[in-house]
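There are 2 protein chains.
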Amino acid sequence: MSDLNQPEVSRAPRQDEILAAAAALFFERGYAATSIDAIIKRAGGSKRNIYSAFGNKEGLFIALMLETAKDVLSSLEVDRAQPRDLREALLAYGLHVLDIYTGPALVGIYRTVIAESGRFPDLARRFFEEGPARATAGLAQVLDAARDSGELPENIVHTKILAEQFVAMMRNNVHLEVVLGLRPPPSAAEIRHYVEACVDTFLIGIGANRRL
Amino acid sequence: MSDLNQPEVSRAPRQDEILAAAAALFFERGYAATSIDAIIKRAGGSKRNIYSAFGNKEGLFIALMLETAKDVLSSLEVDRAQPRDLREALLAYGLHVLDIYTGPALVGIYRTVIAESGRFPDLARRFFEEGPARATAGLAQVLDAARDSGELPENIVHTKILAEQFVAMMRNNVHLEVVLGLRPPPSAAEIRHYVEACVDTFLIGIGANRRL
DNA sequence: TCAATCCGGTACTAATCATTACCGGAGCGG
DNA sequence: CCGCTCCGGTAATGATTAGTACCGGATTGA
Numbered sequence: 161m162s163d164l165n166q167p168e169v170s171r172a173p174r175q176d177e178i179l180a181a182a183a184a185l186f187f188e189r190g191y192a193a194t195s196i197d198a199i200i201k202r203a204g205g206s207k208r209n210i211y212s213a214f215g216n217k218e219g220l221f222i223a224l225m226l227e228t229a230k231d232v233l234s235s236l237e238v239d240r241a242q243p244r245d246l247r248e249a250l251l252a253y254g255l256h257v258l259d260i261y262t263g264p265a266l267v268g269i270y271r272t273v274i275a276e277s278g279r280f281p282d283l284a285r286r287f288f289e290e291g292p293a294r295a296t297a298g299l300a301q302v303l304d305a306a307r308d309s310g311e312l313p314e315n316i317v318h319t320k321i322l323a324e325q326f327v328a329m330m331r332n333n334v335h336l337e338v339v340l341g342l343r344p345p346p347s348a349a350e351i352r353h354y355v356e357a358c359v360d361t362f363l364i365g366i367g368a369n370r371r372l
Numbered sequence: 161m162s163d164l165n166q167p168e169v170s171r172a173p174r175q176d177e178i179l180a181a182a183a184a185l186f187f188e189r190g191y192a193a194t195s196i197d198a199i200i201k202r203a204g205g206s207k208r209n210i211y212s213a214f215g216n217k218e219g220l221f222i223a224l225m226l227e228t229a230k231d232v233l234s235s236l237e238v239d240r241a242q243p244r245d246l247r248e249a250l251l252a253y254g255l256h257v258l259d260i261y262t263g264p265a266l267v268g269i270y271r272t273v274i275a276e277s278g279r280f281p282d283l284a285r286r287f288f289e290e291g292p293a294r295a296t297a298g299l300a301q302v303l304d305a306a307r308d309s310g311e312l313p314e315n316i317v318h319t320k321i322l323a324e325q326f327v328a329m330m331r332n333n334v335h336l337e338v339v340l341g342l343r344p345p346p347s348a349a350e351i352r353h354y355v356e357a358c359v360d361t362f363l364i365g366i367g368a369n370r371r372l
């Protein structure tokens, strides 16, 4: 009588609540310290729900990680708007990356992937390939394009390393503090402030005296 | 009859073996997934040893983390040799930091602090304060000195932010891969290669066309 | 309305774990 | 040489956990 909400595709009614509860607990306490009972107490329903939908605890954990990673990391892909120049492109790129990196979803995955990399090495590899590695490769392409369009000198060939440097600059102390739970995510203004400073440094250096 | 090795200060004969075994297991599997029995099986002796020396599992874990962190992070302090110029100073600083950051000891602590930051927030705070925060502050002093000695322009006032950028550049993808267990620590040559590139970028930028 | 089926919830099982009680022997004082 | 104390090792305890068996009620088809 009250279940005519989504007549179609509602193949998994409890599944979303279970995944949400599992995310909250796995991301907070880690794999080993999170019990199926605790997940069920939070999600409602019964253990049968988890075991019939995900097989076992590992299955639930892997499903959660893949799903969350897919959601978060796929958002790294967008942002194909043509920027006016390299500075604009770097700024947009940095803002985007740092936004995602300090958001609660990625912080949870990041922490958990590191914590459980010993137990689930495949997850660690997939996360790295589809996250940081992809972000770095994308930025390297941007730098290549800038060189080809004359915005960067011809002799810049090591764009991969340069891209790594810029991406690494985004994983700053603030990001680490957020991952460690020492402070809340930075505001958009804080992020912009930091990224602008990084773009400056990346483009023209810190202004040291000649003779290098 | 055979115990006259160190007649003095050997107050804790098993303690070192216990700490070594605890390090291997806690760093590899995490706090919750490591059992006292497993530690004892690896260290030899009996559980009474752990409980009389460290009180309980938490006590052992905290003692291990504090001890290891002290050893590793204190080595960030040395290196007060006067370098010839700022480039030399940055290079030495970067090599030193990256050496430590990719070493097995710090990788273990790093992973574990992140993994258990929810359960042991005080450890996370101490680690951050005495590790990355201290490293950043030290580098900011170096930059201040360079500005005061005329090697950097007078208008460079935000040395804290610049130091953060450089330190963040040291926490690169290679470091992340090592933390995730995806590759072994980089060789000294790899480290030097990367740090030199970072110093170049940091000092003079990537060589973009004027007009900024 | 009735019977068969399915699904969610409770209770159980076997294993694991942190912590503690107990025990036997080694070292020491007398 | 004897009794006491302390310390390390073993076994026990109580709690927790992943995974499963079973049961009652709801739903569906006739």
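Taken in order, these protein sequences are the chains called A and B. If you use my numbering, the first sequence corresponds to residues 161 to 372, in order. If you use my numbering, the second sequence corresponds to residues 161 to 372, in order. All residues carry an ideal CB built from backbone N, CA and C; glycine is no exception. Since the model is a prediction, treat every value here as computed from it, not as a measurement.
{"Asked": "Return the first residue and the last residue of the alpha helix (DSSP H) that B:Y270 is part of.", "Found": "264-275"}
{"Asked": "So A:N333 and B:A293 are supposed to be a Cβ contact under 8 Å. How far apart are they, rounded?", "Found": "7 Å"}
{"Asked": "Answer yes or no: does any C-beta atom of chain A fall closer than 8 Å to that of B:A297?", "Found": "no"}
{"Asked": "Look at the alpha carbon of A:I200 and the alpha carbon of A:L342, and state the distance between them as a whole number of angstroms.", "Found": "29 Å"}
{"Asked": "Please confirm whether A:D308 and A:T319 have their CB atoms less than 8 Å apart.", "Found": "no"}
{"Asked": "Taking 8 Å as the cut-off, decide whether the C-beta atoms of A:T361 and B:L299 are in contact.", "Found": "no"}
{"Asked": "In chain order, which continuous runs of the alpha helix (DSSP H) of length 4 or greater are located wholly inside the region 316-363 of chain B?", "Found": "319-330, 333-339"}
{"Asked": "So with Cβ pairs under 8 Å, would you call A:G263 a contact of chain B?", "Found": "no"}
{"Asked": "Skipping 5 residues on each side, what residues in its chain have a beta carbon closer than 6 Å to that of A:E337?", "Found": "R343"}
{"Asked": "Given a cut-off of 8 Å on the beta-carbon distance, is the pair A:L179 and A:L233 in contact?", "Found": "no"}
{"Asked": "Answer with yes or no whether the minimum CB distance from B:V273 to chain A is below 8 Å.", "Found": "yes"}
{"Asked": "Measuring straight from C-alpha to C-alpha, what distance separates A:V359 and B:T296?", "Found": "19 Å"}
{"Asked": "Starting from the beta carbon of B:M329, find every residue of chain A whose beta carbon is closer than 8 Å, and list them in chain order.", "Found": "Q325, A328, M329"}
{"Asked": "Between A:A306 and A:I351, what straight-line distance do the alpha-carbon atoms span, to the nearest angstrom?", "Found": "24 Å"}
{"Asked": "Look at the alpha carbon of A:A213 and the alpha carbon of A:P264, and state the distance between them as a whole number of angstroms.", "Found": "26 Å"}
{"Asked": "Specify, as a first and last residue, the run of the alpha helix (DSSP H) that B:T296 falls within.", "Found": "294-308"}
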